[in-house]
Each structure stands twice: as structure tokens, then as C-alpha cells.
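Protein chains in written order, with this note's numbering: chain R, 1 to 239; chain G, 1001 to 1223. Think of the CB as a built atom: it goes at the ideal place given N, C-alpha and C, for glycine as much as any other residue. A short write-up of the structure that comes next.
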């Protein structure tokens, strides 16, 4: 077993045109900036991977991370709950021009759809969105006197996420609130690629402290001094 | 004589009803102000959708950790006994009915408890976040809002005209003029500004105010 990749380019090599890509993070917290920007660099050089469906809570902020992917023209569709931010221009302009698709999913439904995808549960019922525009066209059912909306699982070709520690078997920990969607996305993608601040030998993470078990992780690359999206935004990084 | 409460005063009034030991989610923006007015001696544990229980105040400038933020993407600190969890667990706390109180803003509230607070209609970029989850999760779903719109039109209405966030979900509304419970699909008046008659309040309310029990004076300190 070897999950450790020496370079980011190699770890990301199998991401191709038209794929669905789950990207960890909530705003800048947990955003895998180095993985995202290595993909953007490849797209700028080779024109691939384009036409991507990106799954994240948000739709980018300023001109880094997912916003930079949108500016580069790699993103065909966003699946998210909140496509607004302090600087949402990248997404907003393309959306209002009809150049990018949006599937709007309530935040808890988004999380549960991804969890269900990872857990092999094709659909579930939730009270969230019952009677709203978001539920239009979806099956509803009554349970114990209350109405619920049927939602389907969400899976992806690839997940790219950021961890704090990874061991060589792919067990992960995260930093503070940076885990957010990442443990769910790691379960729900066919191929999960992780940038970790530090890779330690197997046994280097106490099994009691593992957040994402290695079975959900395929590739690990060490990025020892990861950039923080919010810090880059405050530094005024441009597209 | 007070003619209407400020936003801070509305937040103060809502804060008085949060019981000791409650697990509470405050919506982004105006509702975050409620945390400033927690009564002395009560312990309140705040939940944020992105995966923290028991977060505290903002850190001093220069000491932010941008991996430690709230749902509004603002930096926070941790209280002793805080915990982290992933998003599915976070929304299990919400949808599983484990939160005691959620406090949200509103564009409109209908007398049957319908809430509209996420979309002003076509032409904008739709964004819902966790609002549709929160309105069905907490044991009490409270709205804090001005009683009328900037144009002076009622925000408490018979039927919402804007896209709904949730159906029949609101428990209590704290406005700039009154405190109103929603009981059996009716607005039941609990408190009103002493300077205002019930008729005057009714005139700026878009559905019938039901009197069922005593109506208290809504008296709030300058804050």
C-alpha cells in the first residue's frame, strides 16, 4: 500500500474534463488551496480539466480558491448552499450571464446528501425545505403526522480536501473547524485526494483521535505550510 | 416616550427569554447581536452550523485563526468545554431537534408561522445556507425583526408573498413594537410598547392580533 504521493501534480493527475469534484472547506476554513491552484495551473497550461461540477458549501470568494477556478473558466456547475461571500463577483457575474449552472441545496441537506452518498443510502427524508421552492418536483411523504421531502444521495468522481495530520495509511485529523464537509466528502467520492500539513508514519496518530479513517482516503500529499484562503484574500490576491 | 425599539433593544428582549443551559443558534447578522445581552448568571451554549459548539467572542485583532470561524465566516474563540464536529453531525444537532432555540431574521412572518427570510425573489443570486434546516430543528424558532418594512408595510402578514424558508415553523416574534407568539396559526399578542394602543399596533400588523391572556408592557432599557 502506498497512498503517499511526492508531488501535488501526480496526486491530481486523474482529474479529467467533466468530472464532479467535491472540495472541502467552509469559506476559507479547510479550503485545500494548494490542490485547487495546482489544478488551475494545469487547466491554464493544457485546457484540462474543464467542464467541472464543483460541490462545496459556497461558490468562492474574491479571486482565490474556487473563485479562481470560476475565473479560469473550469467550472460548468456549482452545487452549493450559499453562493454569496464578501466578494462573490466571480460566481455572480457568470451566473447572471447564464454561463454557470447552480444547484442550490440547503446546507444540512447538502451535508446529509453527501453523507448518504458515502454510506450507500440512495435517498432519505427530511423536513428541510418542505413547502418551499427548493422542494419543487421532489417526492414528499408524511411520517407520524409531519411532512418530509425526499432527497437523494450525492456522490462525486473526486474529493480534494485539506487535513492537519495524515498517517501513511490515510488516517486523518483536521485543524479546529476546518473539518466541516471534508470527512463526508472523503466517504462520498470514488477518489479522495488529501493535502496534509504533515504526514506521519502509521501509528503516528492515536486511533482514538482519528477523524477520517484511512479506508476513505486514496492519495496523500504533504503541504507543510498551507496557505489560508482568508489570509490570501486579505492580502488582496488577484485573479 | 419610546416609539419603537432599536435593533439592539429587540435583541436584548429576545435574549431575556433564553433559559439557563440552552443550546442556541443565532442566525448571521442581526441575530448575532442577541449574544451581547445574555442575562448575568445564565449559561448559554452557542452552536454554529460549520461545526463548533460553545464558541465565544471574537479574538483580538491579529490573533485570528481562520480555521476557527462561525457560520458568518467571522473568527471566534472557544469556551472551556467546546467541541468540533463535521457538518452531518452539526445538522443532526439541528434536524434531530437537539437545539433549544434558533433566532433568525425575517422578511415576512405569516400568522400560521410561515417564514420568508432567504430570497427577495427573481433577479438575485439565490442563497439559502442553513436557514431551511434551522427552522425545522430547534424547539423554539424565534424571529427578531422590525415590525414594518422600510416603506412602513407590515412584515407580520396573513400570507407570505416572498419565497418561503419554512412552513408553520415560527414560535415567537420579537419586533420593534411587540412580542407575539404564534399559537394555533394565530398571532397572539404577549407584550406591546406601553405608548401604543392595541388598535395602533393592529393598524401596522397585516393579520389579526389575538388577545388571549394578559398583554404585558414591552419595556426595554437603553442599550
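Taking every protein chain shown into account, the CB of residue 16(R) has fewer than 16 other CB atoms within 10 angstroms, so this residue is exposed.
In the three-state DSSP reduction, residue 161(R) falls in the strand class (E or B). Note: residue 1189(G) is bridge-paired with 1180(G) in the DSSP secondary-structure output. Contact with chain G is absent for residue 143(R), since none of that chain's Cβ atoms lies less than 9 Å from the residue's Cβ.
Between residue 132(R) and residue 1120(G), the CB-CB gap reaches or exceeds 9 Å. Closest by C-alpha distance to residue 1108(G), out of 1025(G), 1093(G) and 1145(G), is 1145(G). Only residues of its own chain outside the window of five on either side were considered, and among them 3, 191, 192 and 193 have a CB closer than 7 Å to the CB of residue 218(R), listed in chain order. The way I'd put it, the stretch 1093-1106 of chain G does touch the stretch 1141-1157 of chain G; three or more beta-carbon pairs between them come closer than 8 Å. One thing to note: residue 1063(G) has its Cβ no nearer than 9 Å to the Cβ of residue 1185(G). Setting aside the 5 residues that flank it on each side, residue 169(R) is surrounded in the same chain by 1, 3, 202 and 214, each with a C-beta closer than 8 Å to its C-beta; the list follows chain order. For residue 92(R), no beta strand (DSSP E) segment is defined; the enclosing uninterrupted segment is the alpha helix (DSSP H) at 89-96.
Around residue 29(R), the same chain offers 177, 178 and 180 as residues with beta carbons nearer than 7 Å, after the five sequence neighbours per side are excluded. For residue 1217(G), the beta-bridge partners assigned by DSSP are 1192(G). Counting along the chain, the unbroken beta strand (DSSP E) around residue 1080(G) starts and ends at 1078-1084.
One alpha carbon belongs to residue 1023(G), the other to residue 1160(G), and they sit about 29 Å apart. In the same chain as residue 1033(G), and ignoring 5 residues on each side of it, the C-beta atoms closer than 7 Å to its own belong to 1007, 1008 and 1011, in chain order. Taking 9 Å as the CB threshold, residue 152(R) stays off the interface with chain G. Residue environment: residue 1098(G) is assigned as exposed (fewer than 16 neighbouring CB atoms within 10 Å of its CB, all protein chains considered).
Residue state for residue 1047(G) is assigned as strand, using DSSP reduced to three classes. If the five residues before and after residue 1212(G) are omitted, its C-beta is found closer than 6 Å to the C-beta atoms of 1188, all from its own chain and listed in chain order.
Within the stretch 1146-1175 of chain G, the complete beta strand (DSSP E) runs of at least 3 residues fall at 1172-1175.
The beta carbon of residue 1181(G) sits closer than 6 Å to those of 1172, 1188 and 1190, all from its chain and outside the five residues before and after it, given in chain order.
Going by beta carbons, residue 34(R) and residue 195(R) fall inside the 9 Å limit. Of all residues in the stretch 207-233 of chain R, those with a C-beta nearer than 7 Å to a C-beta of chain G are 228, 230 and 231, reading in chain order.
Under a 10 Å Cβ-count criterion, residue 140(R) is classified as exposed, with fewer than 16 other Cβ atoms of the shown protein chains found around its own Cβ. Membership of residue 179(R) in any beta strand (DSSP E) is not indicated, and neither H nor E is assigned to it by DSSP. Residue 56(R) is a Cβ neighbour of residue 78(R), given a cutoff of 9 Å. Only residues of its own chain outside the window of five on either side were considered, and among them 1058, 1059, 1064, 1065, 1066, 1068 and 1069 have a CB closer than 8 Å to the CB of residue 1075(G), listed in chain order. Per DSSP, the beta bridge partners of residue 124(R) are 151(R). Chain G has no Cβ within less than 9 Å of the Cβ of residue 237(R).
Taking the C-beta atoms as reference points, residue 1158(G) is found no nearer than 9 Å to residue 1147(G). Secondary structure note for residue 34(R): its alpha helix (DSSP H) is the uninterrupted segment 33-46.
With a 10 Å radius around the Cβ and a threshold of 16 neighbouring Cβ atoms, residue 1216(G) comes out exposed.
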